[in-house]
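In this text, residue positions in the sequence shown follow the UniProt record's numbering: the first is 1, and each later residue adds one. Beta carbons: idealized from backbone N, C-alpha and C, even for Gly. Reviewing the structure listed below.
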Amino acid sequence: MLVLTRKIGESIIIGDDIEVKIVNVIGKTVRVGIEAPKNIAVHRKEIYEAITQENISATKEDNIISLASLIKQKSQ
1 MLVLTRKIGE SIIIGDDIEV KIVNVIGKTV RVGIEAPKNI AVHRKEIYEA ITQENISATK
61 EDNIISLASL IKQKSQ
């Protein structure tokens, strides 16, 4: 893991088109601004993990069988 020290207003560049900027620091809380192309998803880790878990849950066999049943009912 690369660990960097930055001050308010300073940035880190990732690749050619992602900028992570330190916007504010209050106590132990750091406010970070991220500029990235629209085609790159940027999420807080806990949100990303929730999305991933929901995607896993949605692909479970029970859900697929239920979906197939609903589709069959609608087509009748």
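Taking C-beta atoms as the reference points, E19 and I40 fail to come closer than 9 Å. When the alpha-carbon of R6 is set against those of I13, I22, I14, D17, the nearest one is in I22. Per the coordinates, the alpha-carbon of E49 lies some 22 Å from the alpha-carbon of I64. Collapsing the DSSP output to three states places N24 in a strand. A Cβ-Cβ separation of about 6 Å places N24 in contact with I8 under the 8 Å criterion. For D17, the CB contacts under 6 Å within the same chain, skipping 5 residues up- and downstream, are P37 in chain order.
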